[in-house]
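For the sequence shown, this note's numbering assigns the number 666 to the initial residue and increments by one for each residue that follows.
What follows is a single structure, written as structure tokens, with notes after it.
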Amino acid sequence: PAPAPTAGATVYQLQCAVCHNAAGEGIANLFPPLAASDYLVADKARSIRIVLEGLSGPIKVNGADHNNVMPAAGASLDDDQVAAVLTHVRASWGNHGDTVTPAEVARVRATLAPTGGGPQKADPFAPLPAAPAGFRLRDLAHLPAKTIRFVTAPGAGWLILLGEKGDLYRLDLATAAITHLLAAKDYADVAAGTFAPLGLTIDSARRLYVVTNQQVPATPHHLNRVIIFRSAPLDATGTPAQLKPWFQTSYPWGNNYYNHGVGNIAEGPDGLMYVTSGSRTDGGEVNGGVAGQASIYWKGAETEITAALWRLDPKSEKPALEVFARGIRNAWTFAWNDRGELFSASNGPDANVPEELDFVERGKHYGFPYQYGEAPATAGHPYPYTQAAPAGLTFTPALRNLGPAAGGSPEKPMASFEPHSSPAGMIFCGPDWPEAYRGKFLLGRFGNFITQPDVGYDLLTLDLKKNAAGIYESRTETFLAPLARPIDLLQVGKKLYILEYTRPIGTQTGRPMTPGRILELSW
666 PAPAPTAGAT VYQLQCAVCH NAAGEGIANL FPPLAASDYL VADKARSIRI VLEGLSGPIK
726 VNGADHNNVM PAAGASLDDD QVAAVLTHVR ASWGNHGDTV TPAEVARVRA TLAPTGGGPQ
786 KADPFAPLPA APAGFRLRDL AHLPAKTIRF VTAPGAGWLI LLGEKGDLYR LDLATAAITH
846 LLAAKDYADV AAGTFAPLGL TIDSARRLYV VTNQQVPATP HHLNRVIIFR SAPLDATGTP
906 AQLKPWFQTS YPWGNNYYNH GVGNIAEGPD GLMYVTSGSR TDGGEVNGGV AGQASIYWKG
966 AETEITAALW RLDPKSEKPA LEVFARGIRN AWTFAWNDRG ELFSASNGPD ANVPEELDFV
1026 ERGKHYGFPY QYGEAPATAG HPYPYTQAAP AGLTFTPALR NLGPAAGGSP EKPMASFEPH
1086 SSPAGMIFCG PDWPEAYRGK FLLGRFGNFI TQPDVGYDLL TLDLKKNAAG IYESRTETFL
1146 APLARPIDLL QVGKKLYILE YTRPIGTQTG RPMTPGRILE LSW
């Protein structure tokens, strides 16, 4: 028998409402409606398959074109839950579809072989792009699951990988063999709510850190429960032991799907741990913004600890949270140069404003949500819900990109990169690099999700120099392209490892988001 609709409503609220809204109305120009949806009810097996393996590319719903990306939920939902949520949406908001049973879900799931056979195995990887002169590029390893971060320790012959569902893997660099080390359920209470691990690092004491976010149902509104897990010092095999909560906090879950969460973590030159805390809104909107009056969302904008960069003391067993800098919307990545100066690359809002590269200094405010690039957020009124900036607040603008790549030019600088190109991993090129690259940064760009001509899907070199006024500017060039959503970078000696999140390049392929690979660039 089909599961009770109430079970499906619970799954929908936790897994789907963040994009499709509480009543299935979707978000104009971003996510299609599920309410009164011809596409949803027309093909039951197709709907099951989309929930299990995700969707990428153009579709038509109720006569309107949509082109975005829906992540796969098959790894986090069992057959009963998938059946429950589809039964719920197919019988709600003007839909009149029949029920979906767990047996039907199981039959479709069996055809997908999500661990590497069947359609996933047949989904091709993109051809390797031409390596820059003096470099060699090879396909090192194909990943068993979509992977978002990777790290290593000095002298280790392995990389530790963080899957998007929280599982940990080890890649042997000599053999390219991948070993599953820990499931998310082995260290976290994944059943408490939607679980989103976003950060991974190893400190100078060889302790592994995993940064997690979790949407926890609570009254009067849902919370984002943030836990940073830390292990005992890793042994020679890199197997985490005693991975336990080290730091915990919470704040109101973000409006709709804009809960960017707490993500990147790295040890700084000062021996302290730096952590990015993304915004919980798109543009500082209050009253729920696009989420309207959905009761699960707090109606405020940002909190004191969101859209910020934190600093924590690893010597403490119960570290106090220090907000190091504010106004940073969603920095997936940051890195230091050889002078100990910190730079972060941040993803911008849905409004067509640039992605930002910031020179981050303690105590400064970098504009979000009151300023985008070099323009106030009120220019053109892209966000009617956003409050005015507090009186007396001083903003530090993003670095100007003088080009020739990523949208900038000397005649018309951009602060800093084309909208929606999604800055991802970043590293500083130190003494191991060829002379032409030393002292520059490398920045990966994940690529756009929002419907538009494709942008990103590349690695950039950033040559940062101060102008006559003493302000950093970037001369930006394309280093390697095209790539399949590069999401993280890691240097080991004279090798650069590039983590591709998935296989398709661009938003027009119509292919599922199957797991990607790791590339090795050597010199």
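Just so you know, even glycine gets a beta-carbon here, dropped at the ideal spot from N, CA and C.
By DSSP's assignment, Tyr874 forms a beta bridge with Thr866 and Arg895. Under the DSSP definition of a beta bridge, Pro723 partners with Asn732. Taking 3 residues as the shortest admissible run, the segment 934-1001 contains the following complete beta strand (DSSP E) segments, listed from N- to C-terminal end: 938-942, 973-977, 987-991 and 996-1001.
Two segments are said to touch when three or more pairs of C-beta atoms, one from each, lie closer than 8 Å; by this definition the segment 694-708 touches the segment 725-740. Looking at the backbone, the Cα of Pro979 and that of Leu873 are separated by about 12 Å. The alpha helix (DSSP H) runs of length 4 or more contained entirely in the segment 742-774 are, from start to end of the chain, 744-755.
When rounded, the separation of the alpha-carbon atoms in Ser1139 and Leu1067 is 6 Å.
For Ile713, the enclosing alpha helix (DSSP H) starts and ends at Lys709 to Glu718. In the structure shown, the three-state DSSP call for Val1018 is coil. Counting C-beta pairs with one atom in each stretch, the segment 1162-1180 and the segment 712-726 have three or more that are closer than 8 Å, which means they touch.
Put simply, of Glu1100, Phe1024, Lys1160 and Tyr1122 the residue whose alpha carbon is nearest the alpha carbon of Gly1135 is Phe1024. Residue environment: Arg1103 is assigned as exposed (fewer than 16 neighbouring CB atoms within 10 Å of its CB, all protein chains considered). Contact check between the segment 979-991 and the segment 920-931: fewer than three CB pairs, one atom from each, fall below 8 Å, which does not count as touching. Cβ atoms of Leu833 and Leu847 come within 8 Å of each other, at about 4 Å. Cβ contact annotation for Tyr1137 (same chain, cutoff 6 Å, sequence separation greater than five): Phe1024, Leu1064, Leu1129 and Lys1131, in chain order. Rounded to the nearest angstrom, the gap between the Cα atoms of Gly1090 and Asp1123 is 11 Å.
Taking Trp963 as the centre and dropping the five residues before and after it, the same chain places the C-beta of His886 and Pro917 closer than 7 Å to its C-beta, in chain order.
In the structure shown, His685 falls within a helical segment according to DSSP collapsed to helix, strand and coil.
When the five nearest sequence neighbours on each side are left out, the beta carbons in the same chain lying within less than 6 Å of the beta carbon of Ala748 are those of Pro668, Val765, Thr766, Pro767 and Val770, in order along the chain.
Relative to Leu826, the option among Leu1186, Asp744 and Pro1180 whose CA is nearest is Pro1180. DSSP places Ala1010 within a strand segment (E or B) once states are collapsed to three. The C-beta distance from Gln680 to Thr859 rounds to 6 Å, short enough to meet the 8 Å contact threshold. Judged by DSSP secondary structure, Phe1106 falls within the beta strand (DSSP E) whose first and last residues are Phe1106 to Arg1110.
Using a Cβ distance threshold of 7 Å, Asn924 and Asn889 count as a contacting pair. The beta-bridge partner set that DSSP reports for Thr914 consists of Val891. Taking each of Asp1119, Pro1069 and Ile1152 in turn and checking the Cα distance to Thr1126, the smallest one comes out for Pro1069. Below 8 Å, too few C-beta pairs join the segment 889-898 and the segment 806-826 to call them touching: fewer than three. With a cut-off of 8 Å on Cβ pairs, the segment 1141-1150 is not in contact with the segment 1006-1018, counting fewer than three such pairs.
The Cβ atoms of Ala688 and Trp758 sit closer than 7 Å to each other.
The three-state secondary structure of Ala1080, taken from DSSP, is coil. Of the residues Leu751, Arg945, Asn995 and Ile1092, the one whose Cα lies closest to the Cα of Ala966 is Arg945. Annotation for His685: Gly691, Phe696 and Leu699 place their beta carbon closer than 6 Å to its own, counting only its chain and skipping 5 residues before and after.
Pairing Phe1082 with Val676, the inter-Cα distance amounts to about 37 Å.
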